[in-house]
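Residue numbers (this note's numbering), protein chains in the order written: chain A, 5 to 242; chain B, 65 to 186.
Printed below as a string of C-alpha cells:
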C-alpha cells in the first residue's frame, strides 16, 4: 500500500488535483452565496480564493504548482472575453443610442480611477513604485501590467491589485449603486466594468444582460482609455 | 458546438496576432471580441450554437478569475510593505470610480431619453 506522502506527491504532480480544487472551492463559494440570500461579501470568487489560498498554505504548496493545474480554468478567460461580443451584439441598439453618454461617462470614470488611486496612495505616503502599480488598477490585467511596466512600476504587484480591485468592485459595487439610487442597468453595468473590469462584468452579467453588455464594453474601452491617458497624465504630474 | 468553439478561438487568435503585430494597447482577447462582433454584424444574427457556447462561458465567468485571484498569495509580502496606502487607495478609488461613472451615465442617459425622437447636437 502506498504511503500517504507518495499519494500526495503523485496527485500534486498532475493537473487533476488543483483543477478539481479550483472548481470545488468555487462551488462551495456559490453555495454559501446562494444560501445567504446573495449577501455581497459572500462573493463566490472571494470565498474560493480564500479557501484555495488557505489550503495551499496549509499543505505548503506553491502558487506555481497550483497554477499548473488551475491554468486550464485560467485559459478560458480569453475565449470568455471574446464571447462578450454576443451580449454586446444583442444589446447593440441600446448601446448605440447612448453612445455619447457612454463615452463621456467612461472618460470621467477612467480619470477618477487613475486620479483617486494615485492621489490617495500619494497622500498616505506610498512609494513611487507602488503608485505606478496602483494607477492602472481598474484595467483588465494584461493591459494594466503592460502600462505599469512601461512606466517603471511592478507588473506582478499590479496584477494582484487589479484582481483585488475587481473583487472589491463586485462586492461593494451593487449595494453602493443601490444606495446612491442608480437603477438604470446601462449605468450600473458601465460603472462596474469601468471600475472593476472582468470581475465586475461577471457580476453585472449575473444580474442583467443589458448591464453585462455595457460592462463588457466599458472594460474594453477603459483598457484603451487608460493605456492612452495614464502615460500622458504621469508625465504631466511627476 | 465544436464549430462555435473553433470560431471563438479563431477570433481570439486573430485578436492576438493583430495586437502583437501592430503593438496595440489592448489585450488580444479584447481585440478578438471586436473581431467576433464585426462577424456578427456582417452575418446579421447570432448563430444558435455560438450563442449557446458564449452563454455557457459567460455564465461561469466569475469562476475563471479564481486562479488569478489565488496569485495574491505569492505577493503578500509586497502588499504588506505599503498595506495602508494600498488598501485605502483600492477601496476609495474603486468606490469613487463606480459612483462617478454611474452618476454621470444615469444623468446623461436620462437626458438622452428625454430627447428621444428629437434631433440633438452631438
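The C-beta atom is built at its ideal place from N, Cα and C for all residues, glycine as well.
Shown here, residue 131(B) sits in a helix according to DSSP, grouped into three states. The criterion of a C-beta distance shorter than 7 Å is satisfied by residue 170(A) and residue 201(A). For residue 219(A), the nearest beta carbon of chain B is not closer than 7 Å to its own beta carbon. Between residue 214(A) and residue 204(A) the beta-carbon gap is near 15 Å, outside 8 Å, which marks them as no contact. Considering only beta carbons, the part of the region 138-151 of chain B lying closer than 7 Å to chain A consists of 138, 139, 142, 143, 146, 148, 149, 150, in chain order. With a threshold of 16 other beta carbon atoms within 10 Å, residue 223(A) meets it and is buried. Under a criterion of Cβ atoms nearer than 7 Å, the residues of chain B adjacent to residue 117(A) are, in order, 157, 161. The contact set of residue 78(A) on chain B, defined by CB atoms closer than 8 Å, consists of 128, 131, 132 in chain order. Comparing alpha-carbon positions, the option among 154(A), 49(A), 90(A), 72(A) lying closest to residue 15(A) turns out to be 72(A). Neighbourhood of residue 30(A) in chain B, by CB distance below 7 Å: 127, 130, in chain order.
Only residues of its own chain outside the window of five on either side were considered, and among them 136, 139, 234, 235, 238 have a CB closer than 8 Å to the CB of residue 155(A), listed in chain order. Per DSSP, residue 215(A) is one residue of the alpha helix (DSSP H) stretching across 213-241. The C-beta of residue 190(A) comes closer than 7 Å to at least one C-beta of chain B. Against chain A, the CB of residue 112(B) has no partner CB under 7 Å away; the residue lies outside that interface. Below the 9 Å Cβ cutoff, chain A contributes 82, 83, 85, 86 as neighbours of residue 76(B), in chain order.
Contact between residue 44(A) and residue 179(A) holds: their C-beta atoms lie close to 5 Å from each other, under 8 Å.
Listed along chain B, no residue sits closer than 9 Å to residue 11(A) by beta-carbon distance, the nearest being about 23 Å off.
In this structure residue 131(B) is in contact with residue 78(A), their Cβ atoms being roughly 4 Å apart against a cut-off of 8 Å. With 16 or more neighbouring CB atoms inside 10 Å of its own CB, residue 207(A) falls in the buried class. DSSP places residue 144(A) outside any alpha helix (DSSP H), giving it a letter other than H or E. Interface annotation, residue 106(B): not in contact with chain A, CB-CB separation never under 7 Å. DSSP places residue 119(B) inside the alpha helix (DSSP H), whose first and last residues are 112-123.
Chain-order list of chain B residues neighbouring residue 89(A): 97, 100, 101, 104, by C-beta distance under 7 Å.
A Cβ-Cβ separation of about 5 Å places residue 124(A) in contact with residue 152(B) under the 8 Å criterion. Interface criterion not met: the Cβ of residue 81(B) is under 7 Å from no Cβ in chain A. Nearest C-alpha to residue 118(A) among 17(A), 97(A), 64(A), 148(A): 148(A). Interface annotation for the region 47-59 of chain A against chain B: 48, 49, 52, 53, 56, 57, criterion Cβ-Cβ distance under 7 Å. In this structure, the alpha-carbon of residue 176(A) lies about 30 Å from that of residue 66(A). Taken atom to atom, the span from the alpha-carbon of residue 173(A) to that of residue 55(A) is near 20 Å. Boundaries for residue 187(A): no alpha helix (DSSP H) harbours it, and the DSSP string shows neither H nor E there. Rounded to whole angstroms, the separation of the alpha carbons of residue 100(A) and residue 59(A) is 47 Å.
The three-state secondary structure of residue 38(A), taken from DSSP, is helix. Burial state of residue 232(A) is exposed, judged by a 10 Å Cβ sphere holding fewer than 16 other Cβ atoms. Scanning 225(A), 242(A), 241(A), 240(A) for the CA closest to the CA of residue 110(A) turns up 225(A). Sixteen is the threshold: when 16 or more other Cβ atoms of the shown chains lie within 10 Å of the Cβ of residue 188(A), as they do, the residue is buried.
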